[in-house]
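For the record, in the sequence shown the residue sitting at position 224 is 241 according to our numbering, with numbers rising by one throughout.
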Amino acid sequence: MERREKLYEGKAKIIYATDDPGKTILYFKDDATAFNGAKKGTILDKGVINNKVSARLFKLLAENGIESHFIEQLSEREMLARRVEIFPVEVVVRNRIAGSLAKRMGREEGPELPMTIVEYYYKDDDLNDPMINRDHVLAFNLATAEQIDEVRETALKVNEVLKNYMFERDVLLVDFKLEFGDCGGRILLADEICPDTCRLWDRQTLEKLDKDRFRRELGGVEEAYLEICRRVCGEI
Ligand code: UDP
Numbered sequence: 018m019e020r021r022e023k024l025y026e027g028k029a030k031i032i033y034a035t036d037d038p039g040k041t042i043l044y045f046k047d048d049a050t051a052f053n054g055a056k057k058g059t060i061l062d063k064g065v066i067n068n069k070v071s072a073r074l075f076k077l078l079a080e081n082g083i084e085s086h087f088i089e090q091l092s093e094r095e096m097l098a099r100r101v102e103i104f105p106v107e108v109v110v111r112n113r114i115a116g117s118l119a120k121r122m123g124r125e126e127g128p129e130l131p132m133t134i135v136e137y138y139y140k141d142d143d144l145n146d147p148m149i150n151r152d153h154v155l156a157f158n159l160a161t162a163e164q165i166d167e168v169r170e171t172a173l174k175v176n177e178v179l180k181n182y183m184f185e186r187d188v189l190l191v192d193f194k195l196e197f198g199d200c201g202g203r204i205l206l207a208d209e210i211c212p213d214t215c216r217l218w219d220r221q222t223l224e225k226l227d228k229d230r231f232r233r234e235l236g237g238v239e240e241a242y243l244e245i246c247r248r249v250c251g252e253i
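Next comes the structure, spelled out in structure tokens:
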């Protein structure tokens, strides 16, 4: 597989074309941003860890019948993936109260929710990714009814698989963000699933093992990412 021109550079990844028009190479960087780019930094070897953790989790999901854009891990920082047209909707799944939900509802972080919450955000940096609902998705033609319903169903399935897998590794899956794309009419889970995009707490101590350590300047960022990599990719 030959790496060709750069198609897109995001905050954490660079997307390259390949000699196959149906495939892309994702290159994982160490750059870290928070609060829509207002806080910038680097997390040493984050790209290596996020690539490895994402590859493991996409494989796990495939083993459980959930297809994604993932084809194979090519190198420490490169992943081969199917080329998709990303929907401009970020899907957040929540099992516990944390982050923007805690703020919006005026609650402390931590408690388990009596039911899983699925939220949609309109992907637009200039607007700060505002929260939207299913009606907005349809009224603004961001996806069709069939597509958004399939996205929601898949997101809930992903949650069940990941929550159980993490729990067996002494990790609580608090919440996470998914992105989906169109691949020739087929909806595919895309992007990455890693400590940048998930809140992951130690099951015993509730210690944060994710990007909140960077966002909130808690220290021990690299150590937390490594610990997640060890638990997710290593033996139980
Ligand atoms: N998230 C993400 N990218 C975003 C916004 C959120 O990956 O642009 C993830 C975040 O890591 C967390 C979940 O989605 O696991 C819910 O985030 P929340 O809405 O609480 O926003 P935050 O507090 O991260 O701003």
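For every residue, glycine included, the Cβ atom is placed at its ideal position computed from N, Cα and C. Treat the numbers as computed from the prediction; the structure is a model and nothing was measured.
*Any chance the CB of residue 142 is under 7 Å from a heavy atom of the ligand UDP?*
no
*Give the straight-line distance between the Cα atoms of residue 250 and residue 55, rounded to the nearest whole angstrom.*
31 Å
_Taking 8 Å as the limit between beta carbons, can you name the residues of its chain near residue 65, skipping five residues before and five after?_
45, 93 and 94
*Evaluate residue 229 with the Cβ neighbour count: other Cβ atoms within 10 Å of its Cβ, from every protein chain shown; 16 or more gives buried, anything less gives exposed.*
Classification for residue 229: buried.
*For residue 74 versus residue 210, is the C-beta distance shorter than 8 Å?*
A contact, by the Cβ cut-off of 8 Å.
*Give the DSSP-derived three-state secondary structure of residue 240 in the structure shown.*
In the structure shown, residue 240 falls within a helical segment according to DSSP collapsed to helix, strand and coil.
*the segment 238-245 touching the segment 173-182, judged by at least three CB pairs closer than 8 Å*: no
*My guess is that residue 197 and residue 205 are in contact by the Cβ rule of under 8 Å, so how many angstroms apart are they, rounded?*
7 Å
_Let's test the definition: count the other Cβ atoms within 10 Å of the Cβ of residue 161 and tell me whether it reaches 16, buried, or not, exposed._
exposed
_Does the beta-carbon of residue 200, which I'm using as the reference point, lie nearer than 7 Å to any heavy atom of the ligand UDP?_
No, since every heavy atom of the ligand UDP falls outside the 7 Å radius drawn around the Cβ of residue 200.
*Which residues mark the beginning and the end of the alpha helix (DSSP H) in which residue 171 is found?*
162-185
*Please state whether DSSP places residue 159 in a helix, a strand or coil.*
In this structure, residue 159 counts as coil in the three-state DSSP scheme.
*CA nearest to the CA of residue 90, picked from 101, 68 and 99*: Per the Cα distances, 68.
*Thinking just about the alpha-carbon of each residue, which of 153, 148, 147 and 165 is nearest to the one in residue 199?*
165
*When the Cα of residue 49 is compared with those of 234, 224 and 247, which residue comes out closest?*
234
*Flag this pair as yes or no: are the beta carbons of residue 71 and residue 207 separated by less than 8 Å?*
The answer is no: Cβ separation not under 8 Å.
*Could you tell me if the beta carbon of residue 118 falls within a distance shorter than 7 Å of some heavy atom in the ligand UDP?*
In this structure, the ligand UDP has a non-hydrogen atom nearer than 7 Å to the beta-carbon of residue 118.
*Rounded C-beta distance between residue 192 and residue 135? I'm assuming under 8 Å.*
At roughly 10 Å, the Cβ-Cβ gap does not stay under 8 Å, so residue 192 and residue 135 are not in contact.
*Going by DSSP, which residues form a beta bridge with residue 41?*
34 and 98
*Give the C-beta separation of residue 133 and residue 151 to the nearest angstrom, bearing in mind that I take them to be a contact with Cβ-Cβ under 8 Å.*
About 16 Å separates the CB atoms of residue 133 and residue 151; that is not less than 8 Å, and the two are not in contact.
*Backbone secondary structure at residue 245 - three-state DSSP*: helix
*Apart from the five residues on each side of it in sequence, which residues of its chain come closer than 8 Å, Cβ to Cβ, to residue 22?*
33 and 34
*DSSP state of residue 75, grouped into three classes?*
In the structure shown, residue 75 falls within a helical segment according to DSSP collapsed to helix, strand and coil.
*Kindly list the residues whose CB is nearer than 7 Å to the CB of residue 63, restricted to its own chain and excluding five residues on each side of it in sequence; keep chain order.*
Excluding sequence neighbours, residue 63 sits near 47, 49 and 242.
*Measure the alpha-carbon distance for residue 77 versus residue 158 and round it to whole angstroms.*
32 Å
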